[in-house]
Structure formats: structure tokens, C-alpha cells
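Every number in this note's numbering is 46 more than the matching position in the sequence shown, counting from 1.
Virtual Cβ for every residue (Gly too), placed ideally from N, Cα, C.
Report on one structure; see the data block that follows.
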Amino acid sequence: MQKEKILIVENESIVALEIKRTLEHFNFEVTDIAFDYKSAISSALSNKPDLILVDINLGKGKDGIEVVKKIQTFYDVPIIYLTAFCEDKIINKAIKTKPVSYLIKPFKREELKSNIIIALNKTSQENNIIKIGDEYHFSTKEDRLYFKAININLGLKEKLLLKKLLELRGQVVEFKELEELIWGTNDISKSTLRTLIYRLRAKFNGKFIETIPNIGCKIEV
Numbered sequence: 047m048q049k050e051k052i053l054i055v056e057n058e059s060i061v062a063l064e065i066k067r068t069l070e071h072f073n074f075e076v077t078d079i080a081f082d083y084k085s086a087i088s089s090a091l092s093n094k095p096d097l098i099l100v101d102i103n104l105g106k107g108k109d110g111i112e113v114v115k116k117i118q119t120f121y122d123v124p125i126i127y128l129t130a131f132c133e134d135k136i137i138n139k140a141i142k143t144k145p146v147s148y149l150i151k152p153f154k155r156e157e158l159k160s161n162i163i164i165a166l167n168k169t170s171q172e173n174n175i176i177k178i179g180d181e182y183h184f185s186t187k188e189d190r191l192y193f194k195a196i197n198i199n200l201g202l203k204e205k206l207l208l209k210k211l212l213e214l215r216g217q218v219v220e221f222k223e224l225e226e227l228i229w230g231t232n233d234i235s236k237s238t239l240r241t242l243i244y245r246l247r248a249k250f251n252g253k254f255i256e257t258i259p260n261i262g263c264k265i266e267v
């Protein structure tokens, strides 16, 4: 399963490294640690993380809220603020960037994990995205398959097959059920369905779709 990518924006190196170890312990991928405004913007645009943890206070220069404002001019990404400050003025300023949540320092490891999972799930549901792996995802809202931001063209039958496999992801879908869904009959040659599965698997460079001989196939995401 593809690991969720997280960028850490934190100016205190000891704190940042501890957060990194915590995230890796929970099987997240840390794309980078950024210590200031400039490196945070550069890293976010280069790596396109799935979520960003941002310390509001970055020391000298622009703060974490300014980092988020700038990143949001390029693309939408869920934000969790890390802060030792509870002043209304700062919180009200941060609210305008619509973060998913705030964590007040010091926070517990499990608290960090639960906030990240909630944020990622909420974002996926809002965007109607099914993440498949290796940066492939299917948008149920747009009815399209993507690799990163690139649309992968699917024929009608390929799309019907993929949507059924994703609906029952992780489970074996019997060949006869797929034949009925896609062609409206079971009276087709075995090679016809086999060729369709082969074509769809090729869209993923041979990954994710597994065939169980004489039974059916499934997709692992």
C-alpha cells in the first residue's frame, strides 16, 4: 500500500527530527523537513505532499501561516498547525487558511497520528478520491483515472472493470460477474475478458491487478 507523504515545516531541528521519527514509526513517508519559509515553499511544490505539518512560529522571517497562504495559491493540501501559542489573534489569523486541525505543543504521538489519519480521510472523502498506489488515483467525482496529475485514458469497458474492482477492492470478483456487468451476458470467450484485464493492468504498468485462474480477479490498493 502506498504511504501517505507528509512535509514537516518546523524551525527547531530536534523537534522536527522527533516528529519525523514518529511519522515513520506510524508508516508515513516524510518527504522533507523545511526550516523556513523559502525551503517550505520549494519543498511543497517539488514533492506535492499529501499533508503538511506546519509550526506557526518559524523564528525570524515569515511565519507558518504565511507559508500556508503561499502554498495554497498553487494547490490545495490539508494543513495541521503545530503551535505553542493559543492567543486569539494568532488562531484567528490561522483559521482564515482553513486548516484541518491544530495541535498544541507538547502533544502525544498517538494524538498526532489520529489527527493525521482523520485529516487524510476527510480530504479523500471530500475530493472523492480512491488512492491506488504509486501515485495512481481514481476520481469518482470526475470518473477518471490519474497518475499524479495526468489523466490516463480508459475505454468504456476498461472503466467499468476498474470501477467494479475498486468497489470491491481487496476482494476477488468472479469472471462471470464481470462478464455480466460489462457485456450483459456470460456468452463471451474467455480470451475477450482476459484481453480486457490485460489492457487495464497495462495502464498500471502491470501492477495492482491480480488474476486468480478460473475464478476471477482483484485489485489491491
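Where the beta strand (DSSP E) containing residue i begins and where it ends
{"i": "alanine 86", "result": "Element bounds for alanine 86: not the beta strand (DSSP E) but the alpha helix (DSSP H), 83–93."}
{"i": "isoleucine 98", "result": "97–101"}
{"i": "glutamate 50", "result": "From DSSP, glutamate 50 is part of no beta strand (DSSP E); its letter is neither H nor E."}
{"i": "aspartate 78", "result": "75–80"}
{"i": "tyrosine 148", "result": "147–150"}
As assigned by DSSP and simplified to three states, the class of residue i
{"i": "glycine 110", "result": "helix"}
{"i": "valine 218", "result": "coil"}
{"i": "alanine 130", "result": "coil"}
{"i": "leucine 104", "result": "coil"}
Proximity to residue i [Cα-Cα], best of the options
{"i": "isoleucine 60", "options": "Asn73, Lys49, Lys203 and Phe81", "result": "Phe81"}
{"i": "asparagine 138", "options": "Ile102, Lys106, Ser237 and Asn57", "result": "Ile102"}
{"i": "leucine 239", "options": "Lys84, Phe254, Lys222 and Val55", "result": "Lys222"}
{"i": "isoleucine 30", "options": "Phe74, Lys115, Ile79 and Gly179", "result": "No information on residue 30 is available, as it lies outside the stretch 47 to 267 that the chain covers here."}
{"i": "asparagine 73", "options": "Ala86, Ile162 and Ile243", "result": "Ile162"}
{"i": "phenylalanine 120", "options": "Ala90, Ile136 and Asp96", "result": "Ala90"}
{"i": "glutamate 56", "options": "His71, Ile87 and Glu50", "result": "Ile87"}
{"i": "isoleucine 117", "options": "Leu104, Lys135, Lys94 and Lys106", "result": "Lys94"}
{"i": "leucine 207", "options": "Arg190, Ile196, Asp134 and Asn197", "result": "Arg190"}
{"i": "arginine 215", "options": "Val76, Lys84 and Phe254", "result": "Phe254"}
First and last residue of the uninterrupted alpha helix (DSSP H) at residue i
{"i": "isoleucine 65", "result": "59–71"}
{"i": "glutamate 56", "result": "Here glutamate 56 belongs to no alpha helix (DSSP H), and DSSP marks it neither H nor E."}
Which runs of the beta strand (DSSP E) spanning at least 3 residues fall entirely within the region 164–196, listed in chain order? Listed in chain order, the beta strand (DSSP E) runs fully inside the region 164–196 are 175–179, 182–185 and 190–193, counting runs of at least 3 residues.
Three or more C-beta pairs below 8 Å linking the region 112–132 and the region 140–149: Of all C-beta pairs linking the region 112–132 to the region 140–149, three or more are shorter than 8 Å, placing the two stretches in contact.
Using 8 Å as the cut-off, can you tell me whether the region 107–117 makes contact with the region 63–75, which would need three or more C-beta pairs spanning the two stretches below that distance? They do not touch, by the three-pair rule.
Where in the region 198–265 do unbroken runs of the beta strand (DSSP E), each at least 3 residues long, occur, reported from the N-terminal end onward? With a minimum length of 3 residues, the continuous beta strand (DSSP E) runs that stay inside the region 198–265 are 255–258 and 262–265.
Would you call the region 149–161 and the region 180–189 in contact, with 3 or more CB pairs under 8 Å? Contact between the region 149–161 and the region 180–189 is absent: fewer than 3 CB-CB pairs across the two stretches fall below 8 Å.
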